[in-house]
Amino acid sequence: MVPQIARRHFLALPLGLLLLPRPSVAATSTRKDFTFRVDVGVLFDLLTFTVAGALVEEVDVQAGRYRVAFSGEGSGITNRTEATGIIRAGRFMPVETKSTGTVRGRENRVDVRYDYERGRVEYHSVGHTLLLGRRRQVDDVLRLPIDQPLDDVLSATLNFAANKLDLDADGSYRTAVVRRARAENEGPDDISASGYRAEIVPLRFRVSVDPVTGQLTALVDLTGFSSWARSSRPARISFDARRHLESVYSSLILGSSVKVRLAAGA
Numbered sequence: 186m187v188p189q190i191a192r193r194h195f196l197a198l199p200l201g202l203l204l205l206p207r208p209s210v211a212a213t214s215t216r217k218d219f220t221f222r223v224d225v226g227v228l229f230d231l232l233t234f235t236v237a238g239a240l241v242e243e244v245d246v247q248a249g250r251y252r253v254a255f256s257g258e259g260s261g262i263t264n265r266t267e268a269t270g271i272i273r274a275g276r277f278m279p280v281e282t283k284s285t286g287t288v289r290g291r292e293n294r295v296d297v298r299y300d301y302e303r304g305r306v307e308y309h310s311v312g313h314t315l316l317l318g319r320r321r322q323v324d325d326v327l328r329l330p331i332d333q334p335l336d337d338v339l340s341a342t343l344n345f346a347a348n349k350l351d352l353d354a355d356g357s358y359r360t361a362v363v364r365r366a367r368a369e370n371e372g373p374d375d376i377s378a379s380g381y382r383a384e385i386v387p388l389r390f391r392v393s394v395d396p397v398t399g400q401l402t403a404l405v406d407l408t409g410f411s412s413w414a415r416s417s418r419p420a421r422i423s424f425d426a427r428r429h430l431e432s433v434y435s436s437l438i439l440g441s442s443v444k445v446r447l448a449a450g451a
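So this is what it looks like as structure tokens:
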């Protein structure tokens, strides 16, 4: 709204930000299965990674809850992510998002919990930069905003397909997400001597219709999620006519890129 160079931020972004599910709330309770493939090239393909796996989406409108889980692996890479939440007035609201994985033997994890009764979000993460393996750890608690719904990436995608995201006057969709706070000019291997905090930032994007194919597309600025991204190189995300994700392409710094394809399972 389907990369998070930290090993977690570079590889978790394709797996956490770019693997966006295809929601459906027409039935009371639904389950959908998908397969995905993520191809990552780093430093003009000096390093390459391919991650393939399965994604399941479960939505129970009557019970007011949902669950999205995916897992994948490749050479030296594993990832497992599970997001659970509640549905209120048709809007998907995250309750907990957990992600664990390894990259070349280094373990990475993210755990975000949303407490609506207490009005707070708890954020914990451990990741390592890709080239030098430097550790970045966050343990923080933030107040939930009272004037803006808060999403994780998966709930934001569910809400986009359900047409529940806020819409600005210029036609941009808007929500807010929690992330590791970082300096604006943070480099792929930079670390903070004073440690890390979490922060809530806006996520905005506009959707257009391809005049040739009729396909819905969006350009999404990923600089809020990855030190590899640049605002001049937004990711291109394509959807079908029902606002379901089909593909993602992101051109990053240092001749790096990420390609994602999502397909319905057999």
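The opening position of the sequence shown corresponds to residue 186 in our numbering, with each subsequent residue numbered one higher. Glycine is no exception: its CB is placed at the ideal position from the N, C-alpha and C atoms.
Taking the Cα of residue 319 as reference, the smallest distance to any Cα among 444, 378, 390 is reached at 378. Closest in alpha carbon position to residue 423, among 292, 245, 404, is 404. Comparing alpha-carbon positions, the option among 432, 438, 330 lying closest to residue 417 turns out to be 438. By the CB criterion at 9 angstroms, residue 333 and residue 396 fall outside the cutoff. The three-state reading of DSSP puts residue 346 in helix, counting H, G and I together. A direct Cα-to-Cα measurement between residue 390 and residue 398 gives close to 20 angstroms.
Taking the C-beta atoms as reference points, residue 449 is found no nearer than 9 angstroms to residue 245.
In the DSSP assignment, residue 322 is bridged to 311.
By DSSP's assignment, residue 381 forms a beta bridge with 323.
In the DSSP assignment, residue 370 is bridged to no other residue. Pairing residue 221 with residue 255 gives a Cβ-Cβ distance under 9 angstroms. Annotated as proximal: residue 430 and residue 447, with beta-carbon spacing under 9 angstroms. Within the same chain, and ignoring the five residues on either side of residue 357 in sequence, the residues whose Cβ sits closer than 8 angstroms to its Cβ are 389, 390, 391. For residue 435, the number of other beta carbons within 10 angstroms of its own is at least 16, and it is reported as buried. Straight-line spacing of the CA atoms in residue 411 and residue 302 works out to 31 angstroms. The residue among 343, 312, 427, 258 with its C-alpha nearest the C-alpha of residue 294 is 312.
With contacts defined as CB atoms closer than 9 angstroms, residue 409 and residue 362 qualify as a contacting pair.
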